[in-house]
Amino acid sequence: MPLYCKKPVVVEAFQVPPEGFFCSVEMEEFLKGGDRDIENTGDGGIFIHTLEGRMEARPGDWIIKGIKGELYPCKPDIFEATYDIANNSLESE
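Laid out in structure tokens, this is it:
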């Protein structure tokens, strides 16, 4: 069976602060604009509506903005194992 390697993609991501989603001005800035189908859980987390269904992001989780602007949550251990900081010069592209 053939093997495949995932293409390298640079994504934007933001970690939900320990104080929760709506305590963070930076998080609100990250989510501004575009199609952002999210709901406040009322206790510091958010629900994100994705193609896979409704997913919850808790304080400490990462929110990743995909290549088409879609949002999805990622647990910290998976994020750390999957992503490295990209070269900041890519941000201006």
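Numbering of the sequence shown is given in the working numbering, commencing with residue 6 and proceeding in unit increments.
Ideal placement from N, C-alpha and C gives every residue a C-beta, glycine not left out.
As the structure is a computational prediction, the values presented were derived from the model and not from experiment.
For residue i, does the three-state DSSP call read helix, strand or coil?
| i | result |
| --- | --- |
| residue 91 | coil |
| residue 83 | helix |
| residue 61 | strand |
| residue 75 | coil |
| residue 24 | coil |
Thinking C-beta only, is residue j closer than 7 Å to residue i?
| i | j | result |
| --- | --- | --- |
| residue 46 | residue 77 | no |
| residue 72 | residue 19 | no |
Just tell me which of the options has its CA closest to the CA of residue i.
| i | options | result |
| --- | --- | --- |
| residue 22 | 53, 88, 64 | 64 |
For the beta strand (DSSP E) containing residue i, list its first residue and its last residue.
| i | result |
| --- | --- |
| residue 55 | 51 to 55 |
| residue 70 | 67 to 70 |
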